[in-house]
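Novice: Below is a structure I'd like to ask you about.
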Amino acid sequence: MSFIKNAAEAVKRDVAEITSKMKKLGKEEEEMSANLVGHLAERIPNLSPEMADPDNAVDDLLDSTFASRYTSTPMSKTTMPLHGAPAHVVYQLITDVRKLDATPALNLASFVTTWMEPEAEKLIHESLAVNYVDTVEYPSSTEIHNRCVTMLAKLWHSPSVPDEGPVDAVGTGCIGSSEAIMLGALSLKKKWEAKRKAEGKEATKPNLVMGAQVHVCWQKFCRYFDVEERYVPAEVGRYVATPELIRDLCDENTIGVAVVFGSTYNGEFEDVEGIDKVLSELNAKHDWGLSIHIDGASGAFVAPFLYPDLKWDFRLDNVASINASGHKYGLVYPGLGWIIWRDATHLPEAMVFWEAYLGTMERSITLNFSKPATNIIAQYYVFLRLGYSGYRKIMMNLDIIRKRLVNALSRTGHFEILSKDIGVPLVAFRLKTVTGSDGKEHHRLYDEFALSDRLRMRGWVLPAYSMPDNAGDVKLMRVTIREDFSIGMADMLVADIEDALKWLDTHFTFSREDINKIAQAQLGRRLSRFDSSILARPPQDDDKQVVRPC
Numbered sequence: 001m002s003f004i005k006n007a008a009e010a011v012k013r014d015v016a017e018i019t020s021k022m023k024k025l026g027k028e029e030e031e032m033s034a035n036l037v038g039h040l041a042e043r044i045p046n047l048s049p050e051m052a053d054p055d056n057a058v059d060d061l062l063d064s065t066f067a068s069r070y071t072s073t074p075m076s077k078t079t080m081p082l083h084g085a086p087a088h089v090v091y092q093l094i095t096d097v098r099k100l101d102a103t104p105a106l107n108l109a110s111f112v113t114t115w116m117e118p119e120a121e122k123l124i125h126e127s128l129a130v131n132y133v134d135t136v137e138y139p140s141s142t143e144i145h146n147r148c149v150t151m152l153a154k155l156w157h158s159p160s161v162p163d164e165g166p167v168d169a170v171g172t173g174c175i176g177s178s179e180a181i182m183l184g185a186l187s188l189k190k191k192w193e194a195k196r197k198a199e200g201k202e203a204t205k206p207n208l209v210m211g212a213q214v215h216v217c218w219q220k221f222c223r224y225f226d227v228e229e230r231y232v233p234a235e236v237g238r239y240v241a242t243p244e245l246i247r248d249l250c251d252e253n254t255i256g257v258a259v260v261f262g263s264t265y266n267g268e269f270e271d272v273e274g275i276d277k278v279l280s281e282l283n284a285k286h287d288w289g290l291s292i293h294i295d296g297a298s299g300a301f302v303a304p305f306l307y308p309d310l311k312w313d314f315r316l317d318n319v320a321s322i323n324a325s326g327h328k329y330g331l332v333y334p335g336l337g338w339i340i341w342r343d344a345t346h347l348p349e350a351m352v353f354w355e356a357y358l359g360t361m362e363r364s365i366t367l368n369f370s371k372p373a374t375n376i377i378a379q380y381y382v383f384l385r386l387g388y389s390g391y392r393k394i395m396m397n398l399d400i401i402r403k404r405l406v407n408a409l410s411r412t413g414h415f416e417i418l419s420k421d422i423g424v425p426l427v428a429f430r431l432k433t434v435t436g437s438d439g440k441e442h443h444r445l446y447d448e449f450a451l452s453d454r455l456r457m458r459g460w461v462l463p464a465y466s467m468p469d470n471a472g473d474v475k476l477m478r479v480t481i482r483e484d485f486s487i488g489m490a491d492m493l494v495a496d497i498e499d500a501l502k503w504l505d506t507h508f509t510f511s512r513e514d515i516n517k518i519a520q521a522q523l524g525r526r527l528s529r530f531d532s533s534i535l536a537r538p539p540q541d542d543d544k545q546v547v548r549p550c
C-alpha cells in the first residue's frame, strides 16, 4: 500500500509541476502540456478526463470502499457508465444490491441444488473458462460428458447399455430440463411425421397429451412448434393424469404422451406403468406408434435410489426418452439437464447435426451451441464421489426428513397433507377449515399466501400457489427437501409456522376488496373515502368481522 501511495504522490507532483509551467507557455504549448497531463493522469486508475483535480485519482487509490465518491452517487442502471470504478467498490455495490435476496438454503420453493462440496466447487472454478463445444481444445470435457450419458442410460435401464457387449448410449447434456424436454418432444414429433408420411397420410395436425400439472416448458414446446395441447384436467382430490383419462385423449394425430414423474405441485409420480399398458393396447389396436417421454426433472434422480423396484423407465416398452435435471436431485449447481433416448432408433437422424468447427467434425443434438463445461464436470464428480450407495443414503435421509415434517405439520391440527408417500421428497399442504361456534366449517380469515408472507419475515421462502384448472380453488404450500435441509432446520421451520399461525389468528389483514365485501354485507354498499370513521369506531356487538390494525 505504501508503494502505491508513493507512486501516486510522485505522479501528483509531476502533474503539479507541469501545471505550473503551463502558465508560462503559449497556447500551442499549453495544449501539448494538457495532453501530457492527461497521459500522466491515466497512470492513476479511474481518473475521469472531465475531472480537473488529480487529487480525485489519488483518493480513488487510497480511500476505503465507503469513503470513495462512488458510494455517494447513484449506480448506473440503464446506461453503461462512461468511466469505470475500482474493483473493490463495484464488488461492494453489487453485493449491496443483492443483500435483500433470499438466503438460498432457506429457499424451500426451489428444487435447485444450493450446496456442493468444496472439492466440487474447486473443479467448477478451475473450468469456468472452458467452453464445452471446443472439443479439440478440451477433449476431456467431451469424454466426461459421454461417461455421464452412459451412466444415466445404465441407471435408467436403457437397452443400449447392456450388462455385456458394446455400449451405445444416446443422450446429451443440456442447460436444464426445459431444453431437454424440447429435444425429447421434438423427437416424438419428427418420428410421428415420418410415420404418417411413410403411410401416405397427412401430418399437419399433431397433438400432445399430458396432465394439466406439466411444467410451462411443455406449453412453450407446443406453441413454438405448432402442436395442439391436450390436457387431462386436474380436479379436487386428483391432481395428476390417470391412464384411462389419457386413453380418452389419444388419436392418430397424437405424437406421444408426456408423463410427469414428480409433479411440481405436490411431488406425485404419475402411473407410468399404467400409462404404458394403455398405450400398448392402443398401438396394438390402431398401430398409432404412441410413445412416452418421461419428464423426470425431479423424479428421475430420486426413484432409482428410493424406489428401485418401481417400473417407470426404459424397462417399459413405450418409454422413448427421459429427461432429468442434474441441478435438482442430481445434486449439481444450476444449470444442467440431461436427456437420454431409449436407443439410436428413437432419435431421428434429422435432429443430429455434424458440423466442422475449429478443425474437427462435431456431433450436436442440442438447441444451443456454446455452454460451460463446469456443471458437466461437477456432475461427473458427484457420480464418482457418491456412487449408487451414496445417492441412496442421501435420498433416504431426505425421505426421513419428509416423514418427520409430515408428522409434525399433521400434529399441529392446522394442515391437510396433499403430497404422497411415494414421490419427490417434498411436503405439500394446505390449511384446514375451522369449526365455528355454529358448528359449521368456515374458511380462515387468512390463507396460505398470508402464511407465506409471514414466514418470509423469518427468512423462510415457502411458496403459496393454487392447483391447476378445475382444482384452482385449492391453495397450498410446499416445502422442497434438499440435501442441505436438515432435521434441525425442519424442526425450526415447524416452530416458526406455529408462531406465524398464532400471529395470524390475532391479527387480521384485509385487502381493499375484502373491506368492500364486509361493507357490502354490513352497509349495503362499498366504502368511500369518507368512511374512515367507520373503520375507526369501537367494535359493536352485531359486528360479523372485526378489522384490527397490524
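FYI, in the UniProt record's numbering the residues of the sequence shown are 1 to 550. Even glycine gets a Cβ: it sits at the ideal position worked out from N, Cα and C.
Specify the secondary structure class of N407 as computed by DSSP and reduced to three states.
Specialist: Three-state result, N407: helix.
Novice: For Y91, count the other beta carbons within 10 Å of its own beta carbon; 16 or more makes it buried, fewer makes it exposed. Which is it?
Specialist: Classification of Y91: exposed, given that the 10 Å Cβ count is below 16.
Novice: Grab the span of the alpha helix (DSSP H) containing S178 for me, first residue to last.
Specialist: Here the alpha helix (DSSP H) through S178 covers 177-198.
Novice: Skipping 5 residues on each side, what residues in its chain have a beta carbon closer than 8 Å to that of H346?
Specialist: V170, S187, K191, S291, A320, S321, listed in sequence order.
Novice: Could you please give the first and the last residue of the uninterrupted beta strand (DSSP E) stretch that includes S321?
Specialist: Here the beta strand (DSSP E) through S321 covers 319-325.
Novice: Where DSSP assigns a beta bridge to C174, which residues make up the other side?
Specialist: Bridge partners of C174: G337.
Novice: State the CB to CB distance for the pair G173 and I376, rounded to an integer number of angstroms; the pair is presumed to be in contact (CB under 8 Å).
Specialist: Indeed, because the Cβ distance is near 5 Å, the residues count as touching under 8 Å.
Novice: Which class does H442 belong to by DSSP, given the choice of helix, strand or coil?
Specialist: Residue state, collapsed to three classes: strand.
Novice: Measure the C-alpha to C-alpha separation of N470 and T65 and round it to an integer number of angstroms.
Specialist: If you take the alpha carbons of N470 and T65, they lie about 56 Å apart.
Novice: Just curious, the alpha helix (DSSP H) that T95 is in, first and last residue?
Specialist: Residues 87-97.
Novice: Taking the straight line between their C-alpha atoms, what separation do you get for C217 and S178?
Specialist: Each residue's Cα considered, the two are about 6 Å apart.
Novice: Within 10 Å of its beta-carbon, does G211 have 16 or more other beta-carbons around it, so buried, or fewer, so exposed?
Specialist: So G211 ends up on the buried side.
Novice: Using only the alpha-carbon positions, how far apart do Y307 and G390 sit?
Specialist: C-alpha separation (whole angstroms): 15 Å.
Novice: Taking the beta carbon of I275 as the centre, do at least 16 other beta carbons fall within 10 Å, making it buried, or is it exposed?
Specialist: Classification of I275: buried, given that the 10 Å Cβ count is 16 or more.
Novice: Quick one: what does DSSP say Y231 is sitting in, helix, strand or coil?
Specialist: If DSSP states are grouped into helix, strand and coil, Y231 belongs with the strands.
Novice: Of all the alpha helix (DSSP H) runs that stay within the bounds of the stretch 232-268, which reach a length of 4 or more residues?
Specialist: As far as the stretch 232-268 is concerned, its whole alpha helix (DSSP H) runs of at least 4 residues are 243-249.
Novice: Going straight from the alpha carbon of L310 to that of E268, what length do you get?
Specialist: Roughly 14 Å between the two C-alpha positions.
Novice: Per DSSP, which one or two residues make a beta bridge with Y465?
Specialist: DSSP output for Y465 lists L476 as bridge partner(s).
Novice: Given a cut-off of 9 Å on the beta-carbon distance, is the pair A428 and L418 in contact?
Specialist: Yes, the Cβ-Cβ distance between A428 and L418 is below 9 Å.
Novice: If I'm right that L108 touches L462 with Cβ under 8 Å, what's the distance once you round it to whole angstroms?
Specialist: Indeed they touch by this definition, with Cβ atoms about 5 Å apart.
Novice: My output table needs one value for S127: the three-state DSSP class, helix, strand or coil.
Specialist: In this structure, S127 counts as coil in the three-state DSSP scheme.
Novice: Between the alpha carbons of N146 and V161, how many angstroms are there, rounded?
Specialist: Cα to Cα, the separation comes out at about 13 Å.
Novice: Can you grab the Cα-Cα spacing for the pair E270 / N131, in whole Å?
Specialist: If I take the Cα positions, the gap works out to 37 Å.
Novice: To the nearest angstrom, how far is the alpha carbon of Y231 from that of Y239?
Specialist: Approximately 12 Å between the Cα atoms of the pair.
Novice: For residue 552, which residues does DSSP report across the bridge?
Specialist: Shown here, the chain extends from 1 to 550; a query on residue 552 therefore has no answer.
Novice: Counting only the same chain and skipping the five closest in sequence on each side, list residues whose C-beta sits under 6 Å from that of E117.
Specialist: Around E117: no qualifying Cβ.
Novice: Suppose you measure from the CA of L128 to the CA of L106; what does that come to, to the nearest Å?
Specialist: Approximately 27 Å between the Cα atoms of the pair.
Novice: On a Cα-Cα basis, can you pick out the residue from R458, L501, V214, H157 that is closest to P304?
Specialist: The candidate whose alpha carbon is nearest that of P304 is H157.
Novice: Heavy atom of the ligand FAD less than 8 Å from the Cβ of C222, yes or no?
Specialist: This structure lacks the ligand FAD, and indeed carries no ligand of any kind.
Novice: Hey, could you find the ends of the beta strand (DSSP E) L493 is sitting in?
Specialist: Where L493 is concerned, there is no enclosing beta strand (DSSP E), although the alpha helix (DSSP H) it sits in stretches over 487-506.
Novice: For H293, which of helix, strand or coil comes out of DSSP?
Specialist: Residue state, collapsed to three classes: strand.
Novice: How many Å lie between P159 and H215 at the Cα?
Specialist: Looking at the two C-alpha atoms, the distance is approximately 28 Å.
Novice: Between the stretch 78-87 and the stretch 437-450, do at least 3 Cβ pairs fall closer than 8 Å?
Specialist: No, because fewer than three Cβ pairs between the stretch 78-87 and the stretch 437-450 fall closer than 8 Å, the two stretches do not touch.
Novice: Can you say whether N266 is buried or exposed, counting buried as having 16 or more other CB atoms within 10 angstroms of its CB?
Specialist: Counting Cβ neighbours within 10 Å, N266 comes out buried, since at least 16 surround it.
Novice: Beta-carbon separation of C222 and L208 under 9 Å?
Specialist: Yes, the Cβ-Cβ distance between C222 and L208 is below 9 Å.
Novice: Leaving out the 5 sequence neighbours to the left and right, which residues in its chain are closer than 6 Å to P104 when beta-carbon positions are compared?
Specialist: So the list reads T114, once near-sequence residues are dropped.
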